[in-house]
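S.K.: Could you have a look at this structure, given as structure tokens, before my questions?
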């Protein structure tokens, strides 16, 4: 019976949908997290009878039966999250598009919206890093190193980092590197709030000078763009769809039982 297998695909698809919604809800407090949505497509159709018209007579429509549903992709929505004040001079949020660029332990660049940066002290050098110790990169692909004796770290809207030296003068440290992509949905999520460049995303496009339309907000963090109410509604919808598919399987089983119990 075709309905058994068709309904089974619906149950499998909605199970993955629930898994995705659960991941969104679990990251509702993750800094810079971007929610995902499951996308589906219908499966192959069986043409039981094709349409045919001859001299204005015949059937103008098909008789087709589908074979269920299939998950196709998980679309990540890079909508702006709310900016939350933290009063921490090392916290930075991007107001607009783009990503911070950090250097991973493998020497490759990674991209993040999480601006909860820290200071890593190595001898007399102090570098700006992520919570996992990945170095934050400057526009010239150098590390952002804060010299000894500098204080009152300040970051402008264009990402220029300055501090006051021992003589009371303002000293420039470097400019935060920012990048964007033609297709950010093609980025590969690596966990730890990091994304990696792929063929689908295209190469990074540095945001420099007048091309930098986004602004850096110091002492702010970008919160997750997950809306709990929306996710709860989607979860209820997915749960009901799962129940209806299971009911279709139960009904098909009962129909097969009735057919098997027929007596002459």
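Numbering (my numbering), first residue to last: -10 to 253.
Where is the CB? At the ideal position from N, CA and C, for every residue including glycine.
These figures come from a predicted structure and were not determined experimentally.
Thinking residue 99 and residue 179 are a contact (beta carbons under 8 Å), I'd like their distance in whole angstroms, please.
M.R.: Taking the first residue of the chain shown as 1, we reach residue 99 at position 110. Taking the first residue of the chain shown as 1, we reach residue 179 at position 190. Rounded to the nearest angstrom, the Cβ distance from residue 99 to residue 179 is 7 Å, consistent with a contact under 8 Å.
S.K.: Taking only three categories from DSSP, how would you classify residue 201?
M.R.: Start at 1 with the first residue of the chain shown, and residue 201 comes out as number 212. Coil.
S.K.: Kindly list the residues whose CB is nearer than 7 Å to the CB of residue 197, restricted to its own chain and excluding five residues on each side of it in sequence; keep chain order.
M.R.: Counted from its first residue, the chain shown places residue 197 at position 208. Once the five neighbours on either side are set aside, the close Cβ partners of residue 197 are 128.
S.K.: Which residue wins for smallest C-alpha separation from residue 206, given the options 104, 239, 217?
M.R.: Looking up residue 206 in the chain shown gives position 217. Among 104, 239, 217, the Cα nearest to that of residue 206 is on 104.
S.K.: For residue 63 versus residue 182, is the C-beta spacing smaller than 8 Å?
M.R.: As a working note, residue 63 is residue 74 in the chain shown. As a working note, residue 182 is residue 193 in the chain shown. With a cutoff of 8 Å on beta-carbon distance, residue 63 and residue 182 are scored as not near each other.
S.K.: Buried or exposed: where does residue 76 fall if 16 or more other Cβ atoms within 10 Å of its Cβ makes it buried?
M.R.: Your numbering for residue 76 matches position 87 in the chain shown. Residue 76 should be labelled exposed.
S.K.: Just reading off the alpha helix (DSSP H) that residue -9 is part of, what are its end residues?
M.R.: Numbered from 1 along the chain shown, position 2 holds the residue referred to as residue -9. Residue range -9 to 15 is occupied by the alpha helix (DSSP H) that includes residue -9.
S.K.: Which ranges does the beta strand (DSSP E) cover as unbroken runs of at least 3 residues, wholly within the stretch 110 to 178, from first to last along the chain?
M.R.: 114 to 118, 140 to 144, 149 to 153, 159 to 164, 167 to 169
S.K.: Which residues mark the beginning and the end of the beta strand (DSSP E) in which residue 84 is found?
M.R.: As a working mapping, residue 84 is identified with position 95 in the chain shown. Looking at the DSSP string, the run of the beta strand (DSSP E) that includes residue 84 is 81 to 84.
S.K.: Count the other CB atoms, across all protein chains shown, that sit within 10 Å of the CB of residue 150; report buried if there are 16 or more and exposed otherwise.
M.R.: Walking along the chain shown from the start, residue 150 turns up at place 161. So residue 150 ends up on the buried side.
S.K.: Does the structure place the stretch 104 to 124 close enough to the stretch 232 to 251 that three or more beta carbon pairs sit under 8 Å?
M.R.: no
S.K.: Could you name the residues that DSSP lists as bridge partners for residue 207?
M.R.: For the purposes of this step, residue 207 is taken as the residue at position 218 of the chain shown. 81.
S.K.: Check whether the stretch 188 to 203 touches the stretch 7 to 14, counting contact only when three or more Cβ pairs, one atom from each stretch, lie closer than 8 Å.
M.R.: no
S.K.: For the stretch 53 to 72 against the stretch -6 to 1, are there 3 or more C-beta pairs whose distance is under 8 Å?
M.R.: yes
S.K.: Alpha carbon to alpha carbon, how far is residue 41 from residue 219? Give it in angstroms, no decimals.
M.R.: Locating residue 219 in the chain shown gives position 230, counting from the first residue. Locating residue 41 in the chain shown gives position 52, counting from the first residue. When rounded, the distance between both Cα atoms is 46 Å.
S.K.: Does the distance from the CB of residue 168 to the CB of residue 193 come in under 8 Å?
M.R.: Looking up residue 168 in the chain shown gives position 179. Looking up residue 193 in the chain shown gives position 204. Closer than 8 Å, so yes.
S.K.: Whole angstroms is fine: what's the gap from residue 172's alpha carbon to residue 143's?
M.R.: Counted from its first residue, the chain shown places residue 172 at position 183. Counted from its first residue, the chain shown places residue 143 at position 154. When only Cα atoms are considered, residue 172 and residue 143 end up about 32 Å apart.
S.K.: For residue 31, which residues does DSSP report across the bridge?
M.R.: The residue labelled residue 31 in the question sits at position 42 within the chain shown. Answer by DSSP bridge pairing, in chain order: 58.
S.K.: Are the CB atoms of residue 214 and residue 24 within a distance shorter than 8 Å?
M.R.: In the chain shown, the residue the question calls residue 24 occupies position 35. In the chain shown, the residue the question calls residue 214 occupies position 225. Contact: yes.
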